[in-house]
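Going from the sequence shown to my numbering is simple: count from 1 and add 286.
Report on the structure given below.
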Amino acid sequence: MYVPYTLWSPLLMAAAAAFHVPASPSVPKHEQEPAICLTFALNWRGTLDDVRRIAAEPIPQSYRRLYGWTWCQNLVKGSLIDWHLAFGDERSTTQALQFLATTALEGQPSIQDFETALPDAWRRAEQTIKRHPLKPGAAGLQREEELQALRSDKAIRHLQTLVAAHERFALLATLYLRGAEFFRSQALLDEADIYLEPIGKAGKFFYEGQRVAKAAEGSTLQIAAGIETRGVNTLHDLQMRYALARARISQSPVDLTAAAAVIEENDDPIMRAAAEPLIDRGEEFCDSVSASEMLRASCDDENDLAGRLRSFWRSLAQVELVNGTKARRPGMQFPAFDVAWHAIDAAVGQTVPDRVRYDSASDDHVILLLAKAEAQIRRSQTASAPPEEVASLRAESLNDLFRAERLTPPSLNPNRFRQIADLYLNIFKSEPQARRAGMIEEARQAAYLQQVVAGLAQVRVGEPELPQSSTSPR
287 MYVPYTLWSP LLMAAAAAFH VPASPSVPKH EQEPAICLTF ALNWRGTLDD
337 VRRIAAEPIP QSYRRLYGWT WCQNLVKGSL IDWHLAFGDE RSTTQALQFL
387 ATTALEGQPS IQDFETALPD AWRRAEQTIK RHPLKPGAAG LQREEELQAL
437 RSDKAIRHLQ TLVAAHERFA LLATLYLRGA EFFRSQALLD EADIYLEPIG
487 KAGKFFYEGQ RVAKAAEGST LQIAAGIETR GVNTLHDLQM RYALARARIS
537 QSPVDLTAAA AVIEENDDPI MRAAAEPLID RGEEFCDSVS ASEMLRASCD
587 DENDLAGRLR SFWRSLAQVE LVNGTKARRP GMQFPAFDVA WHAIDAAVGQ
637 TVPDRVRYDS ASDDHVILLL AKAEAQIRRS QTASAPPEEV ASLRAESLND
687 LFRAERLTPP SLNPNRFRQI ADLYLNIFKS EPQARRAGMI EEARQAAYLQ
737 QVVAGLAQVR VGEPELPQSS TSPR
């Protein structure tokens, strides 16, 4: 049975966290739950009735019953936003985000208090580690007892509260950014920035100068405080996506230049060394014959190199498409778009394009195809473009949107389907009548899209109009 990637990611994170989760420093010792928490992540989906009431009740009771921030909560909080992006609108999504922000921050330090307290809290925690270093050669139970003793220290416990707040800021930054990207909303982007700023400042402490997440175990302080070192990759991904979203929304050359600079900061020899192996072997790029020793070493040394490749190439391909430049890196034979496509598949292990699915890999592919189609339309509208090139660019854009539609079942994400269909129909209907006469497949696709768009309201709520029959079924 196929399991969407949106389920796999939280499942893996939950499994990784299950072996050891330090008790919350805000819970009295006699009330702390056992240190072992085995659970599966629950990806809430909502019912048909929930969709029918989405405008009036943006946080359905079926979600509220599962929602909370107590020990061993298995609800994927962001599944509420997945649902709104698919079936709601910017208003309903904003209300859902406001609910998450209000409830997630209850009992947490404010952003200002967090930023003020962090430098001193980090210094005091470092002093604690220096006074009580782990014994050389300590392993197993002895090492765990020493770590537990550190975690009970007042300075470490204070830092843990800030780490917990940081995790919630990061969640909110991610979810607000998703909404901003999907609706191209400046208001949601501004909210994302509120939470992105403190996690950026915290990164200078939490990740101890590391540019990328390493596979090796973190420092004693990181382990004792519960800092997930993989978060440095998440931080850089959010920063690139934020800069790119800002440029796409504002259409400002200044913002576009700034976005290109942020993405360039995440470039390194490993990103380029992985391009050919990704196209050659996909998710098995580390074993490609074209993989250099440097790349093979990074495959062993990094925590989630595939995720870092996905993040960088996905952002680079988009900024180059928005910029109207050829999507190629100096000295490289492959377009950034092509490398990004394979990097997305490699990161999630989805290399079978014909499956009917809608997951994070599918949406990343769709985002690339939408960006490419829009870029080609912009190029076709330049006054200096020859007629033959204009026709070719418009045909390519329709083909890219055809591919995007095939990755986006309207029953799973009617809102994304509508974005694709609207752009396709706008392009097709603006074609000169003489050219449209020969566009046989494109005309059929346009008719199909128009029919489905007209019925999307019924698709959303699962109410098919069955044909009336005067005879009983046999």
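Note that beta-carbon positions come from the ideal geometry of N, C-alpha and C, so glycine has one too.
Item, Value
"Terminal residues of the alpha helix (DSSP H) in which Tyr-353 lies", "Where Tyr-353 is concerned, there is no enclosing alpha helix (DSSP H), given that its DSSP letter is neither H nor E."
"Residue span of the alpha helix (DSSP H) that contains Ala-722, given as start and end", "Here residue 722 turns out to be Arg, not Ala, going by the sequence shown. Note, Arg-722: alpha helix (DSSP H), 719-722."
"Cβ-based burial, Pro-673 [other Cβ within 10 Å; buried from 16]", "exposed"
"Stretch pair the segment 557-577 + the segment 623-635: three plus CB contacts closer than 8 Å", "yes"
"Under the three-state DSSP convention, the category Leu-328 falls into", "strand"
"DSSP bridge partner residues for Lys-500 (one or two, in chain order)", "Glu-588"
"Collapsed DSSP secondary structure at Pro-233 in the structure displayed", "Because the chain here runs from 287 to 760, residue 233 falls outside it and cannot be looked at."
"Whole-angstrom distance between Glu-432 and Gly-495, CA atom to CA atom", "25 Å"
"Alpha helix (DSSP H) runs wholly inside the segment 544-603, at least 4 long, in chain order", "555-559, 561-567, 579-587"
"Cβ-Cβ separation, Met-580 to Pro-555 (assumed contact under 8 Å), whole Å", "7 Å"
"Beta-carbon gap between Leu-482 and Leu-524 smaller than 8 Å", "yes"
"Contact between the segment 392-411 and the segment 362-374 (3+ Cβ pairs under 8 Å)", "no"
"Distance between Ala-622 and Ala-253 (C-alpha atoms, nearest Å)", "Nothing can be reported for residue 253, as the shown portion of the chain is limited to 287 through 760."
"Presumed contact (8 Å Cβ cut-off) between Ile-513 and Val-449, rounded CB distance", "6 Å"
"Per-residue burial, Asn-712 [other beta carbons within 10 Å of its own, 16 or more giving buried]", "exposed"
"Cβ-based burial, Glu-749 [other Cβ within 10 Å; buried from 16]", "exposed"
"Status (buried if at least 16 other CB within 10 Å, exposed otherwise) for Ala-740", "exposed"
"The segment 503-523 in contact with the segment 580-596 per 3-pair CB rule at 8 Å", "yes"
"Per DSSP, the bridge partner or partners of Leu-735", "In DSSP, Leu-735 forms no bridge with anything."
"Secondary structure of Pro-696, DSSP reduced to three states", "coil"
"CA nearest to the CA of Lys-487, picked from Glu-477, Phe-455, Pro-696, Ser-471", "Phe-455"
"As assigned by DSSP and simplified to three states, the class of Pro-539", "helix"
"Where Pro-346 sits in the DSSP three-state scheme", "coil"
"Cβ neighbour criterion (16 or more within 10 Å) applied to Phe-714", "buried"
"CA nearest to the CA of Arg-746, picked from Ser-378, Arg-331, Val-337", "Val-337"
"Alpha-carbon to alpha-carbon, Ala-647 and Ile-630", "6 Å"
"Close beta carbons around Ile-415, own chain, < 6 Å, minus the five adjacent residues each side", "Thr-506, Leu-507"
"Residue burial classification, Pro-344 (beta-carbon count within 10 angstroms, cutoff 16)", "buried"
"Reduced DSSP secondary structure (H/G/I, E/B, other) of Pro-750", "coil"
"Short Cβ contact (8 Å threshold) for Ala-546 with Val-605", "yes"
"Identified DSSP bridge partners for Leu-361", "Leu-328"
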